[in-house]
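Trainee: In this note's numbering, the protein residues as written are 13 to 328.
Every residue gets a Cβ at the ideal spot worked out from N, C-alpha and C, and that includes glycine.
Here the structure is a predicted model, which is why all the values come from computation and not from measurement.
Below you'll find the structure I mean.
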């Protein structure tokens, strides 16, 4: 269950936009708890709430249900994660169209991890080999769905309309890796890939987890110098237990932050560990905002309390 305090019903102002990430419930019994968490997160006034997408499309229906809940029950824009690995072109086209037809206009375009039982370098990619190609497809499908719109022209006469090629805006985010993608050969390659994603139509990037402000600030500066113009939003998670920290390191491949690890390990109480994790995330966010970060993206781990506590400590 969510552990937000009653004050979470008030909109928060930290001076920059903020957003959250949640994941679909692993079983129907968890659905109501996630819905309650989403409502609490939405009440704080985020720019968007993103919903993850399971490997190989394993959570497709659950992701779609979750973004529909956000659309129907909040004023917040849902951002649907989509992956293309092992998908045919037709399958990816139908996937994108399904989410667009549901009313989704924000996406996080990801290539996706290798299917279970395969490794990098094997032939598993399918017809779309990268997040850049998925980004292009999302724009293409939207253009096919809405090749034009009717625009009111009251200057002609009451009720008059004309055709316009201006279509509804689609926001497409992509992943960024301040400390390098596991398969990249250099930081320069990571930035080149990000530039290619922007050229394909991406209009914002969200970083994978990192634990030191300089990791993000250095990467963002180098990307800007290379010509990147879209905002790079740092992703932060309040790590509130030693077990969660180990799990995040395992998933992300990041180096273990020894200072945070030691602090969590020697703290004997759950409440104390929670305080350490929230304060660490808030301090990291302060440094990032002071360094010019255009927003903050918080990985909620399907709990509203820790991420909302981080935001309260950042309020202007």
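Throw me the rounded Cβ distance for the residue 30 and residue 307 pair, which I believe falls under 8 Å.
Mentor: 6 Å
Trainee: The alpha helix (DSSP H) with residue 318 in it runs from where to where?
Mentor: Unbroken alpha helix (DSSP H) run through residue 318: 316–326.
Trainee: Please report the straight-line C-alpha distance between residue 258 and residue 48, rounded to a whole angstrom.
Mentor: 27 Å
Trainee: To the nearest angstrom, report how far apart residue 158 and residue 180 are at their CA atoms.
Mentor: Across the structure, residue 158 and residue 180 are spaced so that their CA atoms are roughly 8 Å apart.
Trainee: For residue 210, count neighbouring C-beta atoms within 10 Å of its own C-beta (all shown protein chains included) and say buried if the count is 16 or more, exposed if not.
Mentor: buried
Trainee: Since residue 33 is in the alpha helix (DSSP H), which residue starts that stretch and which ends it?
Mentor: Run containing residue 33: none in the alpha helix (DSSP H); it sits in the beta strand (DSSP E), 30–34.
Trainee: Can you tell me whether residue 223 is helix, strand or coil according to DSSP?
Mentor: In this structure, residue 223 counts as coil in the three-state DSSP scheme.
Trainee: Could you name the residues that DSSP lists as bridge partners for residue 119?
Mentor: According to DSSP, which records beta bridges pairwise, residue 119 is partnered with 92 and 184.
Trainee: For the beta strand (DSSP E) that residue 193 lies in, which residues bound it at each end?
Mentor: Unbroken run through residue 193: none, as it is neither H nor E.
Trainee: I'd like to confirm the pairing. Which residues does DSSP put opposite residue 310 in its beta bridges?
Mentor: 32 and 248
Trainee: Whole angstroms is fine: what's the gap from residue 89's alpha carbon to residue 282's?
Mentor: 33 Å
Trainee: Using the three-state DSSP reduction, which class does residue 138 fall into: helix, strand or coil?
Mentor: strand
Trainee: Along the chain, where does the beta strand (DSSP E) containing residue 62 start, and where does it finish?
Mentor: 60–63
Trainee: Might you give, ordered along the chain, the residues of its own chain that have their beta carbon closer than 6 Å to the beta carbon of residue 229, omitting 5 neighbours on each side?
Mentor: 303
Trainee: For the candidate residues 60, 23, 183 and 226, whose alpha-carbon lies nearest to that of residue 312?
Mentor: 60
Trainee: Where does residue 268 land, buried or exposed, given buried means 16+ other C-beta within 10 angstroms?
Mentor: exposed
Trainee: With a threshold of 8 Å, are at least 3 pairs of Cβ atoms found where one atom belongs to the segment 101–117 and the other to the segment 143–151?
Mentor: yes
Trainee: Straight-line CA distance for residue 14 to residue 291?
Mentor: Any reading at residue 14 must be qualified, since the residue scores a pLDDT of 42, below 50, and its modelled position is unreliable; the value itself is stated next. Computed Cα separation, rounded: 19 Å.
Trainee: Which residues does DSSP pair with residue 218 in a beta bridge?
Mentor: 187 and 245
Trainee: Quick one: what's got a C-beta closer than 7 Å to residue 319's C-beta in the same chain, skipping five residues either side?
Mentor: 32, 250, 310 and 312
Trainee: By how many angstroms is the C-alpha of residue 272 removed from the C-alpha of residue 215?
Mentor: 33 Å
Trainee: Would you mind working out which of 294, 264 and 26 sits nearest residue 221, comparing C-alpha positions?
Mentor: In terms of CA proximity to residue 221, 264 leads the group 294, 264 and 26.
Trainee: Using only the alpha-carbon positions, how far apart do residue 296 and residue 145 sit?
Mentor: 33 Å
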